[in-house]
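Enquirer:
In the numbering used here, the protein residues as written are 317 to 514.
Structure follows, in structure tokens:
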């Protein structure tokens, strides 16, 4: 006959302390993640074929604390009363236009190394003021009065998309259209940076 030695009180305390440390570490990681990153739903078709409505994206809110947005970055930005997921196509000081769905910078077509849904989108030339960025969706089939492009101040950029997470859940219907005839007419405001992403 064998006897199992009962656990000592000291060992039980040690196990409990380890579990508390693990829990504290997990909560700390979750807290740090929520401070830096935010999950954002894609709403609408302006970013097809790159992202579809219902996709879930991870946005780095610290991406531009020590760097500037670059052409080709996919960002989440505040424009008027709307949050939008768009690609940076124009930088401050540049003359931006769109001809038959092709982005032109200072009168020269620029190559785009990401998927684009080709279309006949036309946007008249406009020069970007200081600290303003031209944002455009990858879907060039949409008309120019749809929620497909905007000009925003740098302070209105929530952050850069760093990871897509696919999902089949569809969010609410896309918000109102933003009428605009020239890509450099809207300023996107220069108020305080956005504090939330949904």
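All C-beta atoms in this analysis are idealised placements derived from N, C-alpha and C, irrespective of residue type, glycine included.
Taking just the CA atoms, how far does residue 402 sit from residue 419?
Expert: Taking the straight line joining both Cα atoms gives about 14 Å.
Enquirer: Taking the alpha-carbon positions, what's the residue 412 to residue 353 distance?
Expert: Roughly 31 Å between the two C-alpha positions.
Enquirer: Please state whether the Cβ-Cβ distance between residue 476 and residue 455 is less than 9 Å.
Expert: No, the Cβ-Cβ distance between residue 476 and residue 455 is not below 9 Å.
Enquirer: State the DSSP-derived secondary structure class of residue 361, mapped to helix, strand or coil.
Expert: The answer is coil: DSSP assigns residue 361 none of H, G, I, E or B.
Enquirer: Return the first residue and the last residue of the beta strand (DSSP E) that residue 441 is part of.
Expert: It spans 439-443 - the beta strand (DSSP E) in which residue 441 sits, taken as one unbroken run.
Enquirer: Start and end of the beta strand (DSSP E) containing residue 421?
Expert: Residue 421 -> beta strand (DSSP E) spans 418-421.
Enquirer: Where residue 489 and residue 395 are concerned, what is the direct C-alpha to C-alpha distance, given to the nearest angstrom?
Expert: Bear in mind that a pLDDT of 36 at residue 489, under 50, signals an unreliable position, so the model cannot answer this.
Enquirer: Please confirm whether residue 474 has its beta-carbon closer than 9 Å to some beta-carbon of chain D.
Expert: Structure shown: chain D not included; a single protein chain is present.
Enquirer: When the Cα atoms are used, what is the spatial distance from residue 397 to residue 339?
Expert: Cα to Cα, the separation comes out at about 39 Å.
Enquirer: So which of 453, 458, 408 has the shortest CA-CA distance to residue 261?
Expert: With the chain running from 317 to 514 in the structure shown, residue 261 is simply not present.
Enquirer: I'd like the list of long-range same chain contacts for residue 387, defined as Cβ closer than 7 Å, with 5 residues on each side in sequence excluded.
Expert: Here the set comprises 404, 405, 407.
Enquirer: Is the Cβ-Cβ distance between residue 421 and residue 410 less than 9 Å?
Expert: In contact: residue 421 and residue 410 (Cβ atoms closer than 9 Å).
Enquirer: Quick one, which of 430, 431, 415 has its alpha-carbon nearest residue 424's?
Expert: Looking at the Cα atoms, 415 is the closest of the given residues.
Enquirer: Look at the alpha carbon of residue 393 and the alpha carbon of residue 472, and state the distance between them as a whole number of angstroms.
Expert: So the alpha carbons of these two residues sit roughly 6 Å apart.
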